[in-house]
Amino acid sequence: MAAVLSRELEQKAGAVRAGLAAALHQYGRLIYSNSLGAEAMVLTDIIWSHLPRIEVFSIDTGRLHEETYALLEKLQQRYQRQLRLVYPDSQALEALVAAQGVNGFYHSLEARLDCCRIRKVEPFKRAIAGFPAWVTGVRREQSAGRARGQSTEWDAEHSLYKLSPLLDWSEADVWQYIRAYGLPYNPLHDRQFPSIGCSPCTRAIQPGESRRAGRWWWEQPESRECGLHPRVRPEALPA
Ligand code: SF4
Numbered sequence: 010m011a012a013v014l015s016r017e018l019e020q021k022a023g024a025v026r027a028g029l030a031a032a033l034h035q036y037g038r039l040i041y042s043n044s045l046g047a048e049a050m051v052l053t054d055i056i057w058s059h060l061p062r063i064e065v066f067s068i069d070t071g072r073l074h075e076e077t078y079a080l081l082e083k084l085q086q087r088y089q090r091q092l093r094l095v096y097p098d099s100q101a102l103e104a105l106v107a108a109q110g111v112n113g114f115y116h117s118l119e120a121r122l123d124c125c126r127i128r129k130v131e132p133f134k135r136a137i138a139g140f141p142a143w144v145t146g147v148r149r150e151q152s153a154g155r156a157r158g159q160s161t162e163w164d165a166e167h168s169l170y171k172l173s174p175l176l177d178w179s180e181a182d183v184w185q186y187i188r189a190y191g192l193p194y195n196p197l198h199d200r201q202f203p204s205i206g207c208s209p210c211t212r213a214i215q216p217g218e219s220r221r222a223g224r225w226w227w228e229q230p231e232s233r234e235c236g237l238h239p240r241v242r243p244e245a246l247p248a
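Its first residue numbered 10, the sequence shown is counted upward by one per residue in this note's numbering.
Put into structure tokens, the structure is as follows:
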């Protein structure tokens with residue numbers, strides 16, 4: 010399908026392709042943690058169409074929406090590629106559910122973070138282990154914490170570089186790209202779910218709410234991250 014991107018967005022997309030190609034050359038290996046959100050549709054398209062040597066995975070927490078699984082299949086069909094799925098450790102998960110119950114994450118911040126740690130963070134750490142850098146689709150607009158990020162930063166928590174090639178893309182840029190290329194996307198986005206995570210911890214937002222207001226909505230805004238995006242100041246970058 011012929012894509013009609015604005016001149017500015019064509020330049021931005023070109024810069025993402027060039028930046029990722031340069032990073033692949035520099036680091037030798039890159040791994041992309043695919044969230045299956047709208048930004049992920051852009052990055053999946055760029056990576057699978059132009060930079061297939063970049064490895065890609067998603068985490069199946071076991072609590073995703075049905076719409077997300079359907080999207081996963083559509084993506085695989087479109088690009089004729091298998092998306093590697095990484096799962097929580099089954100023993101750790103059984104112990105968690107035995108200790109806090111199947112929906113125990115609603116009971117306290119600690120319980121919620123324990124669930125995110127076992128269902129998301131540990132599988133994520135396993136998937137990126139041994140890589141010099143990982144790629145993420147976060148954008149500045151998404152939260153106050155992400156607004157302070159840099160497109161390349163040292164991820165001290167996981168001891169590798171974190172690359173955010175879409176950091177300065179607007180939400181409109183993401184959707185212009187998706188529509189221009191006719192990319193598949195999660196239909197929940199059309200039902201006021203701008204940010205999609207696990208089904209029990211994500212809901213639609215109301216007009217005027219921030220785009221992450223539907224994630225862990227019962228918590229204070231500052232705690233609404235799952236632990237995959239520790240915030241690092243530039244002075245923490247190694248020489
Ligand atoms: S988002 Fe909710 S269900 Fe998913 S891992 Fe975190 S606490 Fe558990």
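A virtual CB, placed ideally from N, CA and C, is assigned to each residue, including glycine. No experiment lies behind these values; they were computed from the predicted model shown.
- The Cβ-Cβ distance between Asp-177 and Arg-149 falls below 9 angstroms.
- Excluding sequence positions up to five before and after Trp-184, its CB lies within less than 8 angstroms of the CB of Ala-47, all in the same chain and listed in chain order.
- The region 88–101 makes contact with the region 122–135: 3 or more CB pairs, one atom from each, lie closer than 8 angstroms.
- For Leu-94, the enclosing beta strand (DSSP E) starts and ends at 93–95.
- If the five residues before and after Gln-201 are omitted, its C-beta is found closer than 7 angstroms to the C-beta atoms of Ala-213, Ile-214, all from its own chain and listed in chain order.
- For Phe-133, the uninterrupted alpha helix (DSSP H) segment begins and ends at 131–137.
- Within 8 angstroms of the C-beta of Phe-114 there is at least one heavy atom belonging to the ligand SF4.
- Below 8 angstroms, too few C-beta pairs join the region 185–193 and the region 161–168 to call them touching: fewer than three.
- Distance from the Cα of Leu-172 is smallest, within the candidate group Leu-14, Ala-153, Ala-30, for Ala-30.
- Setting aside the 5 residues that flank it on each side, Trp-143 is surrounded in the same chain by Leu-39, Ile-40, Tyr-41, Ser-42, Ile-137, Asp-164, His-167, Leu-169, Tyr-170, Lys-171, Leu-172, each with a C-beta closer than 8 angstroms to its C-beta; the list follows chain order.
- Here the region 209–229 does not lie against the region 53–61, with fewer than 3 beta-carbon pairs under 8 angstroms apart.
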